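A.B. asks: Pasting in a structure now, in structure tokens, and then I'll have a few things to ask.
There are 2 protein chains.
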Amino acid sequence: MKCELWFSEYQTKALKLSTKVKDVLYTGNSKYQEIQILDTEEYGRALILDNTYQTTERDEFIYHELISHPALFTHPNPKKVLVIGGGDGGTVREVVKHETVEKIDFVELDEKVVEVCKKYMPTLSCEIDNEKVNTIFTDGIRYVAETNEKYDVIIVDCPDPVGPAKGLFEREFYKNVYKCLNDDGIMVQQTESPLFNKDLIKNIHFYLKEAKFNIIRPLVVTIPTYPSGFWSFTVASKKYDPLKVDSEKIKEKLNNIKTKYYDEEVHKGVFLAVPKFLKE
Amino acid sequence: MKCELWFSEYQTKALKLSTKVKDVLYTGNSKYQEIQILDTEEYGRALILDNTYQTTERDEFIYHELISHPALFTHPNPKKVLVIGGGDGGTVREVVKHETVEKIDFVELDEKVVEVCKKYMPTLSCEIDNEKVNTIFTDGIRYVAETNEKYDVIIVDCPDPVGPAKGLFEREFYKNVYKCLNDDGIMVQQTESPLFNKDLIKNIHFYLKEAKFNIIRPLVVTIPTYPSGFWSFTVASKKYDPLKVDSEKIKEKLNNIKTKYYDEEVHKGVFLAVPKFLKE
Numbered sequence: 001m002k003c004e005l006w007f008s009e010y011q012t013k014a015l016k017l018s019t020k021v022k023d024v025l026y027t028g029n030s031k032y033q034e035i036q037i038l039d040t041e042e043y044g045r046a047l048i049l050d051n052t053y054q055t056t057e058r059d060e061f062i063y064h065e066l067i068s069h070p071a072l073f074t075h076p077n078p079k080k081v082l083v084i085g086g087g088d089g090g091t092v093r094e095v096v097k098h099e100t101v102e103k104i105d106f107v108e109l110d111e112k113v114v115e116v117c118k119k120y121m122p123t124l125s126c127e128i129d130n131e132k133v134n135t136i137f138t139d140g141i142r143y144v145a146e147t148n149e150k151y152d153v154i155i156v157d158c159p160d161p162v163g164p165a166k167g168l169f170e171r172e173f174y175k176n177v178y179k180c181l182n183d184d185g186i187m188v189q190q191t192e193s194p195l196f197n198k199d200l201i202k203n204i205h206f207y208l209k210e211a212k213f214n215i216i217r218p219l220v221v222t223i224p225t226y227p228s229g230f231w232s233f234t235v236a237s238k239k240y241d242p243l244k245v246d247s248e249k250i251k252e253k254l255n256n257i258k259t260k261y262y263d264e265e266v267h268k269g270v271f272l273a274v275p276k277f278l279k280e
Numbered sequence: 001m002k003c004e005l006w007f008s009e010y011q012t013k014a015l016k017l018s019t020k021v022k023d024v025l026y027t028g029n030s031k032y033q034e035i036q037i038l039d040t041e042e043y044g045r046a047l048i049l050d051n052t053y054q055t056t057e058r059d060e061f062i063y064h065e066l067i068s069h070p071a072l073f074t075h076p077n078p079k080k081v082l083v084i085g086g087g088d089g090g091t092v093r094e095v096v097k098h099e100t101v102e103k104i105d106f107v108e109l110d111e112k113v114v115e116v117c118k119k120y121m122p123t124l125s126c127e128i129d130n131e132k133v134n135t136i137f138t139d140g141i142r143y144v145a146e147t148n149e150k151y152d153v154i155i156v157d158c159p160d161p162v163g164p165a166k167g168l169f170e171r172e173f174y175k176n177v178y179k180c181l182n183d184d185g186i187m188v189q190q191t192e193s194p195l196f197n198k199d200l201i202k203n204i205h206f207y208l209k210e211a212k213f214n215i216i217r218p219l220v221v222t223i224p225t226y227p228s229g230f231w232s233f234t235v236a237s238k239k240y241d242p243l244k245v246d247s248e249k250i251k252e253k254l255n256n257i258k259t260k261y262y263d264e265e266v267h268k269g270v271f272l273a274v275p276k277f278l279k280e
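Protein sequences appear in the order of chains A and B.
Read left to right, the first sequence gives residues 1 to 280 (UniProt numbering).
Read left to right, the second sequence gives residues 1 to 280 (UniProt numbering).
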């Protein structure tokens, strides 16, 4: 009988998701966390940080398309984009697809994650070395506090609000993001589970309002390997409303952009599908 | 140290979802399957059939609202409804909320499931004894083949397509459902995971077309305890298009119907949010 290897994440103290592992491709420690690349049977290669699923080859397109395109297609002409976090490169890959984008500042805390993903997750990290991408290894919280750069779109592709990432969900951070956006700028962030983290989402909404964003809209989607699978992103915008974008314009732009999940209907649907209990 | 009890479902051969169990409230066998009611820490009481999560107190509102209301609100005046399966009673509870509905034929194969849920899942089974509900213990596949009754809406709240439920996903069944619907009738069925069961969904679409349904629309939502969490329902309609229902009319009717998830925006959103890869 063959030895069976499984990886289990305690998604909460009372909930565990386990995937059968074909091969452990990498295990190592950076200054900040433990990094693993596992080759799983169900989801393909998976990036695990501190025993937590970050992304998998099979389902990553859902997360990366939905954190990128609803915001990028809401802005009529995004040229300069800031990506905070997302060391695997999946978000950068989606942003690069937009022809209008001239420069992407890619701010990631952990150089080791990028190095490992470049080697083991090539379908995600493939555009990190694109000439439009300027990779900066530093703390995103400090970066937005100190920089004088201004962006059209800021994407916060952050881990859960524990440890160093906690500050990415706090009042001060949102004020600095607002400051770093042009007058018609848009930010988007992954904002955890509507089922398990309702209070956090409420706080974020409150902070974004306080930071003076005019339009704040959550969107919902399934991320199979995250706690409960039920996931939210929040778009906060100074000027453009994601629900008022002309579907025909999205459709036209999509002639040059290859997606698996996102289209002009999904753009509207994911915002409208936000459950009643979350709107309240 | 206290003994820790966990329940694990092998959702696929290589994927396992485990919940910590506070108490095993019921274990027994019916003619058809093993039935368990577990009190879990994360999801409250859970109905488990043959080691498979069917429904849990914490997340059941998502499933039951989305299998019921998009179809029921698409029909302008649903009076007679057939519910096939759904022995826990959650779907019947949602249908009863519609004042226009005069009669619900509730066809469930396994009498024991209903008996157990009446005792252990009262928040779901609370309307099974409503005077509008006519419970019939028989095979839903046979029922639609043999009955001369006609319905406005037929809801197929079925388990996975294994064992006796297999026929609920086959050509013949959809033809019989069509036959049992009035000329402006609508059916809806849970149709598994877009990520794990794409081919099945494709087949269902094909069979529904073959059965001469004019409008066929999948919708997507997260069901946290189902494989991948990413779930679909499919609405098939003879006349009314779910996407052409007047939002104001839904809003008005919702003044008298209490929901946690569904509203007039969700009605549109869940259909529009269907991923591009599934549309193709």
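Ideal Cβ positions, reconstructed from N, Cα and C, are used throughout, including at glycine.
Just so it is clear, the structure is predicted and the values come from calculations on it, not from any experiment.
Within 10 Å of its beta-carbon, does D152 (chain A) have 16 or more other beta-carbons around it, so buried, or fewer, so exposed?
C.D. replies: buried
A.B. asks: Rounded to the nearest angstrom, how far is the Cβ of F106 (chain B) from that of T135 (chain B), given a contact under 8 Å?
C.D. replies: 5 Å
A.B. asks: Determine the closest residue to L109 (chain B) out of B:Y32, B:Y207, B:I250 and B:Q11, with distance taken between C-alpha atoms.
C.D. replies: Just measuring C-alpha positions, the residue of B:Y32, B:Y207, B:I250 and B:Q11 sitting nearest L109 (chain B) is B:Y32.
A.B. asks: Does the distance from the CB of A236 (chain A) to the CB of I257 (chain A) come in under 7 Å?
C.D. replies: Going by C-beta atoms, A236 (chain A) is not nearer than 7 Å to I257 (chain A).
A.B. asks: State yes or no: is the C-beta of G90 (chain B) within less than 7 Å of the C-beta of H64 (chain B)?
C.D. replies: yes
A.B. asks: Please report the residue range of the beta strand (DSSP E) in which P164 (chain B) lies.
C.D. replies: Segment: none, P164 (chain B) is in no beta strand (DSSP E) and carries neither H nor E.
A.B. asks: Below 7 Å on C-beta distance, what does E252 (chain A) contact in chain B?
C.D. replies: The premise fails here: E252 (chain A) is roughly 16 Å from chain B at the closest Cβ pair, so nothing lies under 7 Å.
A.B. asks: If F213 (chain B) sits next to K238 (chain B), beta carbons under 8 Å apart, how far is it from one beta carbon to the other, in whole angstroms?
C.D. replies: 6 Å
A.B. asks: Under 8 Å Cβ-Cβ, which residues of chain B neighbour K276 (chain A)?
C.D. replies: T259, K260, Y261, Y262, D263 and V266
A.B. asks: Let me know if F73 (chain A) comes out buried or exposed under the rule of 16 or more other beta-carbons within 10 Å of its beta-carbon.
C.D. replies: Buried is the label assigned to F73 (chain A), since at least 16 other Cβ atoms lie within 10 Å of its Cβ.
A.B. asks: Evaluate contact between the stretch 176–184 of chain B and the stretch 151–165 of chain B, counting only Cβ atoms and requiring at least three cross-stretch pairs below 8 Å.
C.D. replies: Counting C-beta pairs closer than 8 Å gives three or more between the stretch 176–184 of chain B and the stretch 151–165 of chain B, which meets the contact rule.
A.B. asks: Strictly under 7 Å for the Cβ-Cβ distance: is K249 (chain B) near chain A by that measure?
C.D. replies: For K249 (chain B), the answer is no, since every Cβ of chain A falls outside 7 Å of its Cβ.
A.B. asks: Determine the DSSP secondary structure at residue 294 (chain B), reduced to helix, strand or coil.
C.D. replies: Outside the displayed span of chain B (1 to 280) sits residue 294 (chain B), for which this structure offers no information.
A.B. asks: Would you kindly report the start and end of the unbroken beta strand (DSSP E) that includes I216 (chain B)?
C.D. replies: According to the DSSP assignment, I216 (chain B) belongs to the beta strand (DSSP E) that extends over I215 to T222.
A.B. asks: Quick check: the stretch 153–170 of chain A against the stretch 186–198 of chain A, are at least 3 beta-carbon pairs closer than 8 Å?
C.D. replies: yes
A.B. asks: State the beta-bridge partners of I104 (chain A) as determined by DSSP.
C.D. replies: A:V81 and A:V133
A.B. asks: Let me check one thing: in DSSP terms, what residues is Y26 (chain A) bridge-paired to?
C.D. replies: A:I37
A.B. asks: I'd like to know whether the C-beta atoms of I35 (chain B) and L25 (chain B) end up nearer to each other than 7 Å.
C.D. replies: Contact: no.
A.B. asks: In chain order, what residues of the stretch 1–25 of chain A put their CB closer than 8 Å to some CB of chain B?
C.D. replies: Under the 8 Å Cβ criterion, the stretch 1–25 of chain A contributes W6, S8, T12, K13, A14, L15, K16, L17, S18, T19 and K20.
A.B. asks: Is there at least one Cβ from chain B nearer than 7 Å to P78 (chain A)'s Cβ?
C.D. replies: Not one chain B Cβ lies under 7 Å of P78 (chain A).
A.B. asks: Over what stretch of residues does the alpha helix (DSSP H) that includes Y63 (chain B) continue unbroken?
C.D. replies: First-last of the alpha helix (DSSP H) with Y63 (chain B): E60 to T74.
A.B. asks: Expressed to the nearest angstrom, what Euclidean distance is found between the alpha-carbon atoms of Y141 (chain A) and Y120 (chain B)?
C.D. replies: Here residue 141 (chain A) is Ile; the residue named in the question, Tyr, does not match the sequence. Taking the straight line joining both Cα atoms gives about 49 Å.
A.B. asks: Could you have a look at N182 (chain B) and say whether DSSP puts it in helix, strand or coil?
C.D. replies: strand
A.B. asks: I'd like to know if T56 (chain B) contacts chain A, where contact means its C-beta is closer than 7 Å to some C-beta of that chain.
C.D. replies: no
A.B. asks: For T40 (chain A), go through chain B and note every residue whose CB falls closer than 9 Å to its CB, in chain order.
C.D. replies: A14 and L15
A.B. asks: What are the residues that DSSP puts in a beta bridge with G44 (chain B)?
C.D. replies: B:T40
A.B. asks: Looking at the unbroken alpha helix (DSSP H) that takes in E248 (chain B), where does it start and where does it end?
C.D. replies: S247 to L254
A.B. asks: Can you round the beta-carbon distance between V266 (chain A) and P159 (chain B) to whole angstroms, since I take them to be within the 8 Å contact cut?
C.D. replies: Their Cβ separation, rounded to whole angstroms, is 29 Å, which puts V266 (chain A) and P159 (chain B) out of contact at 8 Å.
A.B. asks: Thinking just about the alpha-carbon of each residue, which of A:T147, A:K118, A:T225 and A:H75 is nearest to the one in K249 (chain A)?
C.D. replies: A:H75
A.B. asks: Mark S8 (chain B) as exposed unless 16 or more other C-beta atoms lie within 10 angstroms of its C-beta, in which case mark it buried.
C.D. replies: Taking a 10 Å sphere around the C-beta of S8 (chain B), we find fewer than 16 other C-beta atoms and assign the residue as exposed.
A.B. asks: From the DSSP secondary-structure annotation, give me the bridge partner or partners of residue 281 (chain B).
C.D. replies: In the structure as shown, chain B starts at 1 and stops at 280, and residue 281 (chain B) therefore has no counterpart that could be examined.
A.B. asks: Quick test of the definition: if touching needs 3 or more C-beta pairs under 8 Å, does the stretch 187–206 of chain B touch the stretch 88–103 of chain B?
C.D. replies: no
A.B. asks: Could you tell me the distance, in whole angstroms, from the CA atom of S18 (chain A) to the CA atom of R45 (chain A)?
C.D. replies: A direct Cα-to-Cα measurement between S18 (chain A) and R45 (chain A) gives close to 14 Å.
A.B. asks: When you compare only the Cα positions, how much space is there between T12 (chain B) and K251 (chain B)?
C.D. replies: 40 Å
A.B. asks: Considering just the uninterrupted stretch of the beta strand (DSSP E) at K8 (chain A), what are its terminal residues?
C.D. replies: Note that residue 8 (chain A) is Ser in the sequence shown, not Lys. Unbroken beta strand (DSSP E) run through S8 (chain A): L5 to T12.
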